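These protein sequences, in sequence, are chains F and B.
For the numbering used here, add 7 to where a residue sits in the first sequence, where the first one is 1.
For the numbering used here, add 7 to where a residue sits in the second sequence, where the first one is 1.
Think of the CB as a built atom: it goes at the ideal place given N, C-alpha and C, for glycine as much as any other residue.
Since the structure is predicted, the reported quantities are computational estimates derived from the model, not experimental observations.
2 protein chains.
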Amino acid sequence: MQLLEERIRKDGIIREGNVLKVDSFINHQMDIELFREMAKEWKRKFEGKKINKILTIEASGIGIAAIVAAEFGVPVVFAKKSMSINLDHDNYHTRIESFTHKKIYEVIVSKKFLGPNDSVLIIDDFLANGCALEGLLNLVEEAGASLAGIGIAIEKGFQKGGEIIRAKGIQLESLAIVDTMDYTTGSITFRQQ
Amino acid sequence: MQLLEERIRKDGIIREGNVLKVDSFINHQMDIELFREMAKEWKRKFEGKKINKILTIEASGIGIAAIVAAEFGVPVVFAKKSMSINLDHDNYHTRIESFTHKKIYEVIVSKKFLGPNDSVLIIDDFLANGCALEGLLNLVEEAGASLAGIGIAIEKGFQKGGEIIRAKGIQLESLAIVDTMDYTTGSITFRQQ
């Protein structure tokens, strides 16, 4: 998506260790007008698919998911991170390893809000190694829900997450796929889509 | 706001210890159509005030704030919770005690995204004792930003937060104020506004 790629070139900051900071428009300050354009793009890409719920994970996915849900006219469910080992039988739960925070989170969704009648679009801001997405896929499977597809704002194409998800035959729509980035020069290349 | 009060009566669950669960439409599953109506209500209530940014705190405030920001045509900044004592000079920081989670959070906002030129509307889902709001007010003050007002979805009118905030002369618009609730009978009364 050209608008997003241009914005990343303009306002994204590349740091050592393959870090791409987009906190001025995606995940600390949120440019809602940009999110609306992204939501319209996903609406086009998932045209014809049955989608009755958006699923995301706290915290930075929630803003994008809310605007996408407004575009699709459906509710959002966000998976909650918990550091406690919660064995509540009213929840689906899975574990997600965060490389950014060097932690393992227990992640839960209440059984009240996800079930066999749901057809879910997963939305998140980033895809790198795919740990968070694998966790959300586990929750969808555990709930017996259908997966309509996955919408990601920025995919790090040089990490393995996208490849693994696409190999499962899932419709994964990343609006910008970063193939290379270099913190010494500030240069960034996007995959042609 | 009648629509929200009716929804709380219909789908809210009252638990022992003055707990009001609204996770089916506010803070786990999010009813985006309801959020839009709430956003329109705040737009009316803050008519004429200069507002160029919505400020909230992760995680459950983010969804409402995003839809409110779409209505106002401005960006959102969400304060981030951190368990580490972060002395990063690029951030404003404050501490917030969570009674729900029995923890003290270090809460930060990057100095890049809040400053003297900003006129801020704070949005959050709940107001009870007011600890989270006091933290956000500290961040606004530290940034030298102006406060246009505060929009809260559900205020627990029998706790002290609302009274303290209003005593400061701040325009606080809670869309539903619960005056009493009783988990034994399931009855709930809202303040006439």
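Against Lys47 of chain F, chain B offers no close residue; the least beta-carbon distance is about 13 Å (beta-carbon pairs closer than 7 Å). Nearest C-alpha to Ala135 of chain B among B:Val75, B:Leu41, B:Asp186, B:Ser194: B:Asp186. Residues of chain B with a Cβ closer than 8 Å to the Cβ of Gly70 of chain F are, in chain order, Ile69, Gly70, Ala72, Ala73, Val83, Phe85. According to the DSSP assignment, Lys50 of chain F belongs to no beta strand (DSSP E) but to the alpha helix (DSSP H) extending over 39-52. Proximity of the segment 165-173 of chain B to the segment 57-72 of chain B falls short of the contact definition, fewer than three beta-carbon pairs being nearer than 8 Å. By the rule that beta-carbons nearer than 8 Å mark a contact, Glu65 of chain B touches chain F.
Going by beta carbons, Ala155 of chain F and Met8 of chain F fall outside the 8 Å limit.
With contacts defined as CB atoms closer than 8 Å, Ile195 of chain F and Arg22 of chain F fail to qualify as a contacting pair.
Pairing Gly142 of chain B with Arg102 of chain B gives a Cβ-Cβ distance under 8 Å. Take Ser117 of chain F, set aside five residues on each side of it, and the residues of its chain with a beta-carbon closer than 7 Å to its own are Asp97, Asn98, in chain order. Secondary structure remark: continuous beta strand (DSSP E) runs of at least 3 residues inside the segment 128-194 of chain B, in chain order: 153-163, 179-188. Contact of Gln166 of chain F with chain B by beta-carbon distance below 7 Å is absent, the smallest such distance being about 24 Å. DSSP lists F:Val26 as the bridge partner or partners of Arg22 of chain F. In the displayed model, Glu65 of chain B falls within coil according to three-state DSSP, outside both helix and strand.
Listed along chain F, the residues sitting closer than 7 Å to Asp30 of chain B by beta-carbon distance are Ser117.
Remark: C-beta atoms of Pro82 of chain B and Ile39 of chain F approach each other more closely than 8 Å.
If you draw a straight line from the Cα of Asn124 of chain F to the Cα of Leu62 of chain F, it is about 14 Å long. Within 10 angstroms of the beta-carbon of Ser181 of chain B lie 16 or more other beta-carbons, which makes it buried. Residue contact check for Met37 of chain F against chain B: a CB pair falls below 8 Å. Its Cα nearest to that of Thr191 of chain B, the residue B:Val26 stands out among B:Val127, B:Val26, B:Asp132, B:Ala46. Taking 8 Å as the cut-off, the beta carbon of Ala152 of chain F is found closer than this to the beta carbon of Leu121 of chain F.
Per DSSP, Lys87 of chain B is one residue of the beta strand (DSSP E) stretching across 83-89.
Distance check between Lys28 of chain F and each of F:Gln200, F:Glu44, F:Gly193, F:Arg198 places F:Gly193 closest, using alpha-carbon atoms only. By a beta-carbon distance limit of 8 Å, Asn34 of chain F contacts Asp132 of chain F. Their separation comes to about 5 Å. Assigned with DSSP and collapsed to three states, Lys57 of chain B falls in coil, not helix or strand. Proximity to Phe79 of chain F across F:Ser126, F:Asn145, F:Leu140 peaks at F:Ser126, based on C-alpha coordinates. Here the C-alpha atom of Ile74 of chain F lies approximately 11 Å from the C-alpha atom of Arg43 of chain B.
Between Ile64 of chain F and Ala139 of chain F the beta-carbon gap is near 6 Å, inside 8 Å, which marks them as a contact. If you check the CB distance, Ser89 of chain B and Lys119 of chain F do not come in under 8 Å. Straight-line measurement puts the Cα of Lys87 of chain B at about 5 Å from the Cα of Val114 of chain B. Close to Ala77 of chain F, with beta-carbon spacing below 9 Å, are these residues of chain B in chain order: Ile39, Glu40, Phe42, Arg43, Ala73, Ile74, Ala77.
Along the segment 118-132 of chain B, going in chain order, the ones with a CB nearer than 7 Å to a CB of chain F are Lys119, Phe120.
Residue burial is scored here from C-beta neighbours: Ile161 of chain B has at least 16 other C-beta atoms within 10 angstroms and is therefore classed as buried.
For the pair Ala66 of chain B and Ala66 of chain F, the CB atoms are nearer than the 8 Å cut-off.
Ranking B:Ile111, B:Lys52, B:His100 by CA distance to the CA of Ile159 of chain B puts B:Lys52 first.
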